[in-house]
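Colleague: First the structure, which I've put down as structure tokens, then a few questions once you've had a look.
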Amino acid sequence: MLTVEKLTSGYGKVTVVRNVDIHVGQGEIVSIIGRNGVGKSTFVKTLIGLNRATSGVIHFKGVNISAMKSHDRARSGIGYVPQGHGIFPKLTVEENLKMGRDINKSSPNLDFGVVYDYFPRLRERRLQRAGTLSGGEQAMLAISRALVGRPELLLLDEPSEGIQPSIIVHISDILKRINRETGLTVLFVEQHIGLIQQLSGRCYAMDKGSIVGELTEGDIADYDSIKQYLAV
Ligand SMILES: Nc1ncnc2c1ncn2[C@@H]1O[C@H](COP(=O)(O)OP(=O)(O)O)[C@@H](O)[C@H]1O
Ligand SMILES: [Mg+2]
39 MLTVEKLTSG YGKVTVVRNV DIHVGQGEIV SIIGRNGVGK STFVKTLIGL NRATSGVIHF
99 KGVNISAMKS HDRARSGIGY VPQGHGIFPK LTVEENLKMG RDINKSSPNL DFGVVYDYFP
159 RLRERRLQRA GTLSGGEQAM LAISRALVGR PELLLLDEPS EGIQPSIIVH ISDILKRINR
219 ETGLTVLFVE QHIGLIQQLS GRCYAMDKGS IVGELTEGDI ADYDSIKQYL AV
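Be aware that the sequence shown starts at 39, since it is given in this note's numbering, and climbs by one per residue.
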């Protein structure tokens, strides 16, 4: 589904992401873990095209998308949930979902009813302004806004940020259910150890913009194996 080769990117003359090689197979849930400031967000932004790669190649469904504009990458089937969720606080829940609906023109959009079935709290709050939702509800809305464009690959940048532990478990369960029921492929970056352990099928560790480790399902279950890439 996604193959990244020797990807390098940054800001101006500053290189942040260095020579990253990763692959994500169809239907996998893969995470990239690492401390604050190692380049996780820069990497995800480079995948969706908000940051230009200085070198390297990104293949999505066998197509080289490296030179594609961000909205074309979204239309080709990549959903993106930015760090901090990126919802529009003055708009209602339903208006936020409408913003996501027209992104992916290549396949029919999901009915709002489908995402409301996954996240019933959003149905109850559909006429409420998004800025008045709890952190967990804002995360659910951001994920739903990406899902209504019917992506094949969902990119999530620190979905746990600003959310209570019990809601992190709930959101993780829903993402796993969506993955199981629809085959949605998920790539997320995280430093919250609970979510990493609950959700990842496989995991890459990033430090100073490079991939410095690869963890299998067995390694992920071992707290210390993960912690070494996260603790200061
Ligand atoms: N818009 C930007 N302009 C310049 N430097 C940036 C910008 N965004 C992030 N950086 C720098 O890039 C590095 C990696 O940041 P980031 O990708 O946000 O890391 P992470 O998501 O892992 O916390 C940091 O040193 C940060 O200061
Ligand atoms: Mg970040």
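Idealized CB from N, CA, C, for every residue including glycine.
Remember, predicted model here, so these are calculated numbers, not experimental data.
What are the partner residues of Tyr156, as DSSP defines its beta bridges?
Modeller: Residue numbering aside, residue 156 sits at position 118 when the sequence shown is read from its first letter. The partner list for Tyr156 (beta bridge, DSSP) is empty, contrary to what the question assumes.
Colleague: Can Pro127 and Asp195 be called in contact, C-beta distance under 8 angstroms?
Modeller: The residue labelled residue 127 in the question sits at position 89 within the sequence shown. The residue labelled residue 195 in the question sits at position 157 within the sequence shown. Not in contact: Pro127 and Asp195 (Cβ atoms no closer than 8 angstroms).
Colleague: So, for Met106: in the same chain, excluding its five sequence neighbours on each side, which residues have a beta-carbon less than 7 angstroms away from its beta-carbon?
Modeller: As a first step, residue 106 must be located in the sequence shown, where it is residue number 68. Contacts found: Gly87.
Colleague: Rank Ala112, Tyr242 and Val62 by C-alpha distance to the C-alpha of Lys83 and give the top, closest one.
Modeller: For the purposes of this step, residue 83 is taken as residue 45 along the sequence shown, with counting starting at 1. That would be Ala112, whose Cα lies nearest to the Cα of Lys83.
Colleague: In the DSSP assignment, find the unbroken alpha helix (DSSP H) run with Gly63 in it and report its ends.
Modeller: Numbered from its first residue, the sequence shown carries residue 63 at position 25. Premise fails: Gly63 is in no alpha helix (DSSP H) and is neither H nor E.
Colleague: Count the other CB atoms, across all protein chains shown, that sit within 10 Å of the CB of Asn89; report buried if there are 16 or more and exposed otherwise.
Modeller: Taking the sequence shown and counting its residues from 1, the one referred to as residue 89 is at position 51. It counts as buried.
Colleague: Keeping to the same chain, check which residues put their C-beta closer than 8 angstroms to that of Glu252; ignore five residues upstream and five downstream.
Modeller: In the sequence shown, residue 252 corresponds to position 214, counting from 1. Contacts found: Arg240, Cys241, Tyr242 and Ala243.
Colleague: Taking a contact to mean a Cβ-Cβ separation below 8 angstroms, would you say Asn57 touches Ser248 in this structure?
Modeller: Mapped onto the sequence shown, residue 57 falls at position 19. Mapped onto the sequence shown, residue 248 falls at position 210. Yes, the pair counts as a contact, with Cβ atoms nearer than the cut-off.
Colleague: Who does Glu252 pair with in a DSSP beta bridge?
Modeller: Translated into the one-based positions of the sequence shown, residue 252 becomes position 214. Glu252 is bridged to Tyr242.
Colleague: Less than 8 angstroms between the C-beta atoms of Val54 and Asp245, yes or no?
Modeller: The residue given as residue 54 occupies position 16 in the sequence shown. The residue given as residue 245 occupies position 207 in the sequence shown. No. Outside cutoff.
Colleague: Ligand 2 heavy atoms versus the CB of Glu162: any closer than 7 angstroms?
Modeller: Within the sequence shown, numbered from 1, the residue matching residue 162 stands at position 124. When distances are taken from the beta-carbon of Glu162 to the heavy atoms of ligand 2, even the shortest one reaches 7 angstroms or more.
Colleague: So what does His123 bridge to, in DSSP terms?
Modeller: On the sequence shown, residue 123 is found 85 positions in, with the first residue counted as 1. Under DSSP, His123 forms no beta bridge with any residue.
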